[in-house]
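Participant:
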Ligand SMILES: NC(=O)c1ccc[n+]([C@@H]2O[C@H](COP(=O)([O-])OP(=O)(O)OC[C@H]3O[C@@H](n4cnc5c(N)ncnc54)[C@H](O)[C@@H]3O)[C@@H](O)[C@H]2O)c1
């Protein structure tokens, strides 16, 4: 079993979860995310150790081995060698640049995002086809691929009647950022791969994930997963909890009617495991919408406010100018029954869950940079703003992440430079 993107927020708990279930897990990452943090002056509020320390702590506490493999998906030769050596029965592909704001900073970040994600995914498809053709590709996409259409969102496909004829086709997608567009391209490429090569694939259109505590991350501080709070990497509910814990206003972009699907990180573990345990057939491209509930930003902010109030704290909500280009009040109704049909039992968002998220954050709140938390640093229309410039310029690490040229060059030859972990 290979988990690609294991050094990330979802990847690390996912690797531990599968290892606990008895899978032989190979953990793959190129540590790009640590480099992108250095580049933009961002950091995980919960300190995270190196991958070497993580797998060693896991082995010490559970007796289970996770094999750590430093690999860039954009290095196709290394990826092919990896696939030929391990021939995994399934690959969980989480290894992408996953921030919409990061992809909207400027041309360079848009191109880097799309090259990293689309080329990495394409390399993976070819490596599977050539060296492990029976391998099940479990790919993390996003609900953001669909955008916010004024009709119900189906799970991947839509049956259309047009001029008296009917067909079932991939659902039309109108995403909101260059990052989300890279995911749409991945989905199209995977759909094509299943048609031409008979690949097995499950494309998981995931909602926004919240929470940091799983059975495994709570075993030891060294096993915690990252907690992003800044405006580039922090997702909505996680950020709101950090703001509440810090006693700062909750910042809602615009009117706050933006509605999306959400899920608890424990359900992410469960959904991916269900996809692995019920593999797609050869030639099948399954699409599951992976979320459990939908909320507007206002609903989430109000919930956090109520939890704080019940504990005797006053919290305020600020509606700030929306840096994104998106509808702030819209229809949203997305289907999400396929994973429930496979056996998912969701952890629904309630006040005790929110309370425990905020309590966790309170332990680390002294390490918080309030500017990174409160001020958007990227505007969809104008790109990186003065906050981005200030924090990016603080970085003394020249080219901590790859430039476009270096990324493209890495297609032809193995990477020479490896990022150092702090
Ligand atoms: N976090 C969410 O709320 C959310 C929601 C929907 C979809 N997703 C998707 O889930 C996946 C994981 O998200 P996350 O929040 O854990 O992100 P993350 O940024 O925390 O982790 C991604 C990991 O992938 C690695 N990576 C990136 N490019 C790579 C490459 N070319 N080769 C090898 N490793 C590479 C990074 O170093 C990082 O450790 C992503 O594909 C993301 O788009 C996440």
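Numbering (our numbering), first residue to last: 128 to 549. Quick reminder that beta carbons are idealized off the backbone N, C-alpha and C, glycines included. In this text, all values refer to a predicted model and were calculated from it rather than measured experimentally.
(1) Grab the span of the alpha helix (DSSP H) containing residue 324 for me, first residue to last.
(2) Opposite residue 440 in the DSSP bridges: which residues?
(3) Quick check: the stretch 324 to 331 against the stretch 401 to 409, are at least 3 beta-carbon pairs closer than 8 Å?
(4) DSSP three-state call for residue 142: helix, strand or coil?
(5) Between the stretch 244 to 251 and the stretch 290 to 305, do at least 3 Cβ pairs fall closer than 8 Å?
(6) State the Cα-Cα distance for the pair residue 129 and residue 336, rounded to the nearest angstrom.
(7) Would you kindly work out how many angstroms separate the C-alpha atoms of residue 475 and residue 431, rounded to a whole number?
(8) Taking C-alpha atoms, which residue in 299, 343, 362, 392 lies nearest to residue 137?
(9) Going by beta-carbon coordinates alone, are residue 147 and residue 343 separated by less than 8 Å?
(10) Residues in its own chain within less than 8 Å of residue 495 by CB, not counting five upstream and five downstream?
(11) Going by the CB atoms, is the gap between residue 280 and residue 298 shorter than 8 Å?
(12) Using a Cβ-Cβ cut-off of 8 Å (strictly less than) and excluding sequence neighbours within five positions of residue 315, which residues of its own chain qualify?
(13) Using a threshold of 7 Å, is the CB atom of residue 329 nearer than that to any non-hydrogen atom of ligand 1?
(14) If you compare alpha carbons, which of 203, 142, 378 is closest to residue 186?
(15) Note down, in chain order, each residue of its chain lying with its Cβ closer than 7 Å to the Cβ of residue 272, except the 5 sequence neighbours on either side.
(16) Distance check for residue 456 and residue 266, CA to CA, integer angstroms please.
(17) Between the stretch 373 to 387 and the stretch 405 to 425, do at least 3 Cβ pairs fall closer than 8 Å?
(18) Going by C-alpha distance, which of 158, 317, 190 is nearest residue 176?
(19) Do residue 369 and ligand 1 come close, with the Cβ less than 7 Å from some heavy atom?
(20) Check whether the Cβ of residue 362 sits closer than 7 Å to any heavy atom of ligand 1, and report yes or no.
(21) Please give me, in chain order, every unbroken run of the beta strand (DSSP E) with length at least 3 that falls completely inside the stretch 147 to 183.
(22) How many angstroms separate the CA atom of residue 487 from the CA atom of residue 256?
(23) Under a Cβ-count criterion, where at least 16 other Cβ atoms within 10 Å of its own Cβ denotes burial, should residue 199 be classed as buried or exposed?
(24) Between 446, 471, 190, which has its C-alpha nearest residue 416's C-alpha?
(25) Taking only the alpha-carbon atoms, compute the straight-line gap between residue 544 and residue 201 and give it to the nearest angstrom.
(26) For a test of the three-state rule: what should DSSP assign to residue 250, helix, strand or coil?
(27) Regarding residue 412 and ligand 1, is the C-beta to nearest heavy atom distance less than 7 Å?
(28) Beta carbon of residue 269: closer than 7 Å to some heavy atom of ligand 1?
Facilitator: Taking the definition as stated:
(1) That run of the alpha helix (DSSP H) goes 305 to 324.
(2) Beta-bridge pairing links residue 440 to no other residue.
(3) yes
(4) Helix.
(5) no
(6) 21 Å
(7) 15 Å
(8) 392
(9) yes
(10) 172, 356, 369, 373
(11) yes
(12) 297
(13) no
(14) 142
(15) Here the set comprises 300, 302, 307, 310, 311, 314, 332.
(16) 30 Å
(17) yes
(18) 158
(19) no
(20) yes
(21) 152 to 156
(22) Each residue's Cα considered, the two are about 43 Å apart.
(23) buried
(24) Of the listed residues, the one whose Cα sits closest to residue 416 is 471.
(25) Below a pLDDT of 50, predicted positions are generally treated as unreliable, and residue 544, at 28, falls in that range; no measurement from the model is reported.
(26) helix
(27) A distance criterion of 7 Å places the beta-carbon of residue 412 beyond contact range of ligand 1, judged by its closest non-hydrogen atom.
(28) It does: the Cβ of residue 269 is within 7 Å (strictly closer) of some heavy atom of ligand 1.
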